[in-house]
Amino acid sequence: MPETLSLVADIGGTNTRVALARGAVVDRATIRRFANAEFPGLGPVLTRYLAEAGGPACAGACVAVAGPVDAGVARLTNLDWTIDRASVAAATGAERVAVLNDLQAQGQALGHIAPDCLRPLIAAQGATRTEGPQLVIGVGTGFNAAAVHETPGGRIVTASECGHASLPVRTEADLRLMRAVETVHGFAGVEDVLSGRGLERLFAWTAAEAGRDDRPGASAIMAAIASDDDPVAVATGRTFVRLLGIVTGDLALTHLPFGGIHLIGGVARAFTDHFDRFGFAVAFRDKGRFSPFMREFSVSIIEDDYAALEGCARHLGAAAS
21 MPETLSLVAD IGGTNTRVAL ARGAVVDRAT IRRFANAEFP GLGPVLTRYL AEAGGPACAG
81 ACVAVAGPVD AGVARLTNLD WTIDRASVAA ATGAERVAVL NDLQAQGQAL GHIAPDCLRP
141 LIAAQGATRT EGPQLVIGVG TGFNAAAVHE TPGGRIVTAS ECGHASLPVR TEADLRLMRA
201 VETVHGFAGV EDVLSGRGLE RLFAWTAAEA GRDDRPGASA IMAAIASDDD PVAVATGRTF
261 VRLLGIVTGD LALTHLPFGG IHLIGGVARA FTDHFDRFGF AVAFRDKGRF SPFMREFSVS
321 IIEDDYAALE GCARHLGAAA S
């Protein structure tokens with residue numbers, strides 16, 4: 021009996037990735053990427069994908085969305101799209117449809133990611149507790165996290181919008197940064213600094229503190245950090261990594277992910293070679309009398325661009341079983 025064919029999609033703030041899954045496994049040869057700016061909504065993206073794929077019949081469809089999902093309705097945080105099960109069903113013809121937060125999909129993929137796509141950043145003091153909760157933190161166009169729990173009834177991945185929690189303030193410079201950031205939306209959130217656009221905002225603030233007014237894009241900033249020839253870029257990178265370490269440590273204390281913490285997203289991966297240089301582990305563990313306790317948590321980077329698609333396929337497979 022042939023495996024069930026499903027459509028899976030990962031909708032970010034900039035691009036949408038779409039693929040076919042056979043059973044609970046994504047057929048990576050079918051993955052296609054679409055620029056969101058070229059479409060008025062998700063429906064036309066899925067319609068074009070299926071037309072270009074020859075019109076395959078899909079029994080199921082699961083989409084992961086970079087935004088909050090409430091009662092099967094998703095609104096993208098950084099794009100004016102609204103997505104619901106009915107519209108996905110209409111575009112795909114699928115009978116089984118699921119709409120997940122993108123970090124929930126990433127959480128569903130844990131345990132099904134190739135070992136060479138997991139790069140360790142911080143080792144735990146003891147053995148990683150494979151039965152313990154895990155935490156996925158996404159740093160890309162936006163910022164968010166999801167906790168992953170294994171239960172007798174199956175895996176549960178809890179959604180959040182923690183990227184819009186308050187930006188931490190530990191120093192006088194952090195306070196000045198917060199005051200500068202909050203002039204944009206009236207509130208300084210984590211995502212306003214710890215994201216691609218946040219990196220650009222952080223550079224602009226750091227440059228202003230140094231008496232400069234240049235505003236390069238995120239790619240140029242990362243190139244300058246790597247070349248180590250611009251003190252403002254280096255200071256920006258150091259502050260970014262320190263704040264990410266603080267926020268990651270706060271989330272670890274909130275969720276107690278003894279099974280491991282996993283960073284994902286293009287910005288997180290861009291900083292991979294700079295985490296040690298800029299003291300990520302020190303900032304992560306800097307929790308006063310709880311600093312020794314922080315050694316119970318491991319941190320790794322997921323270097324698989326398509327993990328969310330795998331998570332969508334696993335979610336559909338679990339729902340069908």
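To convert, count from 1 in the sequence shown and add 20; that's our numbering.
Note that beta-carbon positions come from the ideal geometry of N, C-alpha and C, so glycine has one too.
Here the structure is a predicted model, which means the values were calculated and not measured.
Assuming residue i contacts residue j (C-beta within less than 8 Å), just tell me the rounded distance between them.
i    : j    : result
V252 : T226 : 5 Å
I342 : V156 : Look at the range of the chain in this structure, 21 to 341, and you will see that residue 342 is not part of it.
R139 : T292 : 6 Å
A111 : G63  : 4 Å
F300 : V261 : 5 Å
V350 : A166 : One cannot answer for residue 350 here, as it falls past the ends of the chain, which runs 21 to 341.
R42  : E72  : So it is not a contact: roughly 18 Å between Cβ atoms.
A86  : T97  : 6 Å
H275 : P153 : 6 Å
T150 : G279 : 6 Å
H294 : I241 : In fact, because the Cβ distance is near 12 Å, the residues do not count as touching under 8 Å.
L222 : T256 : 5 Å
A77  : L141 : Actually they are not in contact, since the Cβ atoms of A77 and L141 sit about 43 Å apart, beyond 8 Å.
A74  : W101 : Here residue 74 is Gly; the residue named in the question, Ala, does not match the sequence. Not a contact, Cβ separation roughly 26 Å.
G263 : K307 : The sequence as given places Leu at residue 263; Gly does not occur at that position. So it is not a contact: roughly 15 Å between Cβ atoms.
G174 : A338 : 6 Å
E220 : A238 : 6 Å
Q145 : R315 : 4 Å
Does DSSP classify residue i as helix, strand or coil?
i    : result
G280 : coil
A288 : helix
N56  : helix
L66  : helix
R309 : helix
D90  : strand
C82  : strand
P76  : coil
I241 : helix
A49  : strand
S320 : strand
A44  : coil
A143 : coil
M21  : Low confidence applies to M21: its pLDDT is 35, below 50, so where it sits in the model is not reliable enough to give any reading.
A230 : coil
D293 : helix
D270 : helix
R37  : strand
R235 : coil
Can you list, in chain order, the residues of its chain whose CB lies under 6 Å from that of residue i, leaving out five sequence neighbours each side?
i    : result
E181 : P88
G331 : A125, Q126, Q128 and A129
L212 : The displayed chain sequence assigns Asp, not Leu, to residue 212. Taken in chain order, the residues that qualify are V201 and G218.
S311 : R305
N121 : V89 and A179
A84  : D30, L120, D122, A125, A328 and C332
F163 : G183, V210, E211, L214 and S215
L70  : none
C82  : V28, A118, C332, H335 and L336
G160 : G285, G286 and V287
L66  : A111 and T112
A230 : V252
R309 : none
H169 : P153 and I176
R53  : N35 and R37
A303 : R262, G265 and I266
Here's a check: name, in chain order, each residue in its chain whose Cβ is nearer than 8 Å to the Cβ of residue i, leaving out the five neighbours to either side.
i    : result
E115 : A79, G80 and A109
D104 : G92, V93, A94 and V119
M21  : Confidence in M21 is poor, its pLDDT being 35 and thus under 50, which makes the residue's placement too unreliable to answer from.
R232 : V252
R412 : Look at the range of the chain in this structure, 21 to 341, and you will see that residue 412 is not part of it.
G32  : N56, A86, D122, G160 and T161
Whose C-beta lies closer than 7 Å to the C-beta of residue i among residues of the same chain, with five residues either side of it excluded?
i    : result
V46  : V28, A39, Y326, L329, E330 and A333
A224 : R235
V254 : I245 and D248
N56  : T34, N35, T36 and L99
R258 : F298
T50  : A39, L40 and A73
Exercise. Pair every Cβ in the segment 262-275 with every Cβ in the segment 185-193, then say whether three or more of these pairs are closer than 8 Å.
Key: Segments in contact, yes.
| Between the segment 318-329 and the segment 193-201, do three or more beta carbon pairs fall short of 8 Å? | The segment 318-329 vs the segment 193-201: no contact.
* Asked: Which runs of the alpha helix (DSSP H) fall wholly inside the segment 145-218 and span at least 4 residues, in chain order?
  -> DSSP assignment within the segment 145-218 yields the following whole alpha helix (DSSP H) runs of 4 residues or more, N-terminal first: 192-205.
Beta strand (DSSP E) runs contained entirely in the segment 91-140, provided each spans 3 or more residues: Within the segment 91-140, the complete beta strand (DSSP E) runs of at least 3 residues are 93-95, 102-104 and 116-121.
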